[in-house]
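Chains as they are written, first to last, in the working numbering: chain Z, 1 to 203; chain B, 204 to 406. Even for Gly, the Cβ is constructed at its ideal location relative to N, Cα and C.
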C-alpha cells in the first residue's frame with residue numbers, strides 16, 4: 001500500500017486496535033464461491049485499483065457532495081444531531097471512504113482485511129458509530145441505508161473505471177469484480193450487524 | 204399480470220395469507236431515494252420485464268442447475284436434510300423464483316409488493332422456511348448467502364436483457380434499474396431478517 005494510508009485519522013487497518021472478525025477465512029471462502037469471485041476477479045480488481053487510485057477524492061466527493069448531501073435521511077449520519085454540518089467529521093470520514101476504495105481493490109483479502117470489514121461495519125452500528133472521531137451524530141446507520149446506497153456506488157463506478165481507456169470488455173470485467181467484492185462485503189457487514197446466525201456461518 | 208401467476212404452488216401474492224410488511228410505503232420511498240430509483244427506472248424495468256418474460260425458465264434453470272447445484276453450501280437449502288435431491292421442492296420453488304423476476308419488473312411497488320417482499324424474506328428464515336412446501340430441508344438460509352448469490356443474479360442478467368436487440372445504452376439502463384430494485388429488495392429483506400431497527404426505519 002502507498003504510505004498516505006497510514007496518515008488517515010482513525011484508519012486502524014492491520015493494527016492491534018482492530019478486533020477479530022466473527023467471520024472466518026472459511027466463511028470468506030464460501031462467500032467468494034457464492035458470488036463467483038475468482039483469481040480472475042482479483043486480477044481485475046488490481047487493474048481497477050490502478051485506474052481508481054488517482055480518482056478516489058473525486059469519486060468520494062461525488063458520492064458525498066453531489067448525492068448524499070441532497071438526501072436528508074442519509075446526510076444526517078455525517079452531520080451533528082441538530083442537522084448542522086460537521087465538517088471535520090465529514091473530512092475525516094471522507095478520507096477513510098477514499099481509502100476503502102483502495103483497500104477494496106488493492107488489499108489481499110486475508111484476516112486483516114476480514115477484521116477491518118468487521119471494524120467498518122461496527123463503526124456504522126450503535127456499538128462504535130461516532131467514537132472514532134469523537135462526534136455527536138446519529139447513533140447508528142440503519143443497515144438498509146447502507147445496502148440501498150451501495151446501488152449508487154456500484155452504478156457510478158463504471159464511468160470511473162473507464163478513465164484509463166481500457167476496452168469495454170475489460171471495464172466490464174473490472175466492474176463485475178468490484179460488484180462481487182461489494183456483495184462479499186455487504187454479507188460480512190450483515191454478519192457484524194446481525195450476529196453470526198444469519199451471516200453465512202455453517203448451521 | 205398474466206394468468207399463469209395464479210397457478211404457481213405456494214405463490215400467495217396479494218392474498219390475505221400474506222402478513223403486512225414491517226416496512227411502510229414511506230420506508231420504501233426512502234429506499235428508492237437512497238438507491239436513486241426514479242420513474243425512469245420504472246419505465247426501464249417494464250421494458251426489462253418484456254424482454255425477460257419469455258426467458259424466466261431459462262434464467263432460473265441457469266442459476267439453479269448450472270450454478271447453485273455446484274455449490275454445496277447453497278444447494279443444500281433446496282435439498283433434503285440428508286443431502287438427497289428434493290425435486291418437487293425444487294420445481295415448486297423454481298416456479299416462484301421465475302415469478303419473482305416477473306414481479307420485480309412488472310408489478311407496481313405498492314403495499315402488496317412490500318408485503319410480499321416480507322413474505323419472501325420470511326420464507327428464507329427459521330420462521331417460515333420449508334412450510335410452504337411441507338419439506339424437511341435446512342432450517343433457514345443465512346442472509347449472507349442470499350446477498351452473496353445476488354451478485355450472480357445481477358451479473359448474469361445483462362446477457363438476458365440484451366435478447367431483444369435493444370441498443371447497449373438501453374440494456375445498461377434496464378440493468379441499472381434491475382440492480383437498483385434488487386438493492387431495495389435486499390434492504391427490505393434485511394428488515395425482515397433483523398427486525399426494524401437496522402432496516403431503514405427512522406430512529
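Local Cβ density within 10 Å of residue i, reported as buried at 16 or more and exposed below that
i	result
residue 169 of chain B	Residue 169 of chain B falls outside the range modelled here, since chain B spans only 204 to 406, and no answer is possible.
residue 127 of chain Z	exposed
residue 104 of chain Z	buried
residue 35 of chain Z	buried
residue 366 of chain B	exposed
residue 252 of chain B	buried
residue 43 of chain Z	exposed
Same chain only: Cβ atoms within 6 Å of residue i, ignoring 5 sequence neighbours per side
i	result
residue 244 of chain B	380, 383
residue 113 of chain Z	107
residue 144 of chain Z	none
residue 158 of chain Z	175
residue 321 of chain B	224, 395
residue 37 of chain Z	180
residue 375 of chain B	none
Same chain only: Cβ atoms within 7 Å of residue i, ignoring 5 sequence neighbours per side
i	result
residue 292 of chain B	281, 336, 338, 340
residue 224 of chain Z	This structure cannot speak to residue 224 of chain Z, because chain Z is shown only from 1 to 203.
residue 67 of chain Z	152
residue 211 of chain B	298, 299, 302
Sub-9 Å separation of residue i and residue j beta-carbons
i	j	result
residue 389 of chain B	residue 353 of chain B	yes
residue 147 of chain Z	residue 98 of chain Z	no
residue 387 of chain B	residue 231 of chain B	yes
residue 161 of chain Z	residue 174 of chain Z	yes
residue 10 of chain Z	residue 96 of chain Z	yes
residue 106 of chain Z	residue 25 of chain Z	no
residue 116 of chain Z	residue 18 of chain Z	yes
residue 234 of chain B	residue 305 of chain B	no
residue 86 of chain Z	residue 94 of chain Z	no
residue 323 of chain B	residue 266 of chain B	no
residue 279 of chain B	residue 273 of chain B	no
residue 47 of chain Z	residue 170 of chain Z	yes
residue 73 of chain Z	residue 236 of chain B	yes
residue 20 of chain Z	residue 111 of chain Z	yes
Coil, strand or helix - residue i by DSSP
i	result
residue 87 of chain Z	helix
residue 173 of chain Z	helix
residue 282 of chain B	strand
residue 356 of chain B	helix
residue 220 of chain B	coil
residue 333 of chain B	coil
residue 192 of chain Z	helix
residue 54 of chain Z	helix
residue 34 of chain Z	helix
residue 60 of chain Z	helix
residue 296 of chain B	helix
residue 116 of chain Z	helix
residue 371 of chain B	helix
residue 140 of chain Z	coil
residue 26 of chain Z	helix
residue 212 of chain B	coil
residue 207 of chain B	Summary for residue 207 of chain B: the model assigns pLDDT 44, below 50, so the residue's position carries little reliability; its value from the coordinates is reported in the next sentence. In the structure shown, residue 207 of chain B sits in a helix (DSSP, three-state: H, G or I).
residue 71 of chain Z	coil
residue 365 of chain B	coil
residue 183 of chain Z	helix
residue 246 of chain B	helix
residue 310 of chain B	coil
residue 326 of chain B	coil
residue 203 of chain Z	Low confidence applies to residue 203 of chain Z: its pLDDT is 34, below 50, so where it sits in the model is not reliable, and the reading given next is rough at best. Coil.
Nonlocal neighbours in the same chain, by C-beta distance under 8 Å from residue i, ignoring five residues either side
i	result
residue 139 of chain Z	126, 129, 130
residue 156 of chain Z	59, 62, 63
residue 268 of chain B	none
- Within 7 Å of chain Z by C-beta, residues of the segment 346-364 of chain B in sequence order: For the segment 346-364 of chain B, which is checked against every Cβ of chain Z, the residues closer than 7 Å are 346, 347, 348, 350, 351, 352, 353, 354, 355, 357, 358.
- Query: Listed from N- to C-terminal order along the chain, which residues in the segment 23-45 of chain Z have their beta-carbon within a distance smaller than 7 Å of any beta-carbon of chain B?
  - Reply: Listed by position, the residues of the segment 23-45 of chain Z near chain B (Cβ gap below 7 Å) are 30, 31, 33, 34, 35, 36.
- For the segment 178-191 of chain Z, enumerate the residues whose C-beta is nearer than 7 Å to any C-beta of chain B, in chain order. Across the segment 178-191 of chain Z, CB contacts with chain B closer than 7 Å involve 179, 180, 183, 184, 186, 187, 190, 191, in sequence order along the chain.
- Select from the segment 61-93 of chain Z all residues with a C-beta closer than 7 Å to any C-beta belonging to chain B, and list them in chain order. Within the segment 61-93 of chain Z, the qualifying residues are 71, 73, 74.
- Note down, in chain order, all residues in the segment 121-135 of chain Z with a beta-carbon under 9 Å from any beta-carbon belonging to chain B. Sequence-ordered contacts of the segment 121-135 of chain Z with chain B read 125, 126 [C-beta pairs closer than 9 Å].
- Give, in chain order, every residue of the segment 164-176 of chain Z whose Cβ lies closer than 9 Å to some Cβ of chain B. Among the residues of the segment 164-176 of chain Z, those with a Cβ less than 9 Å away from any Cβ of chain B are 168, 172, 176, in the order of the chain.
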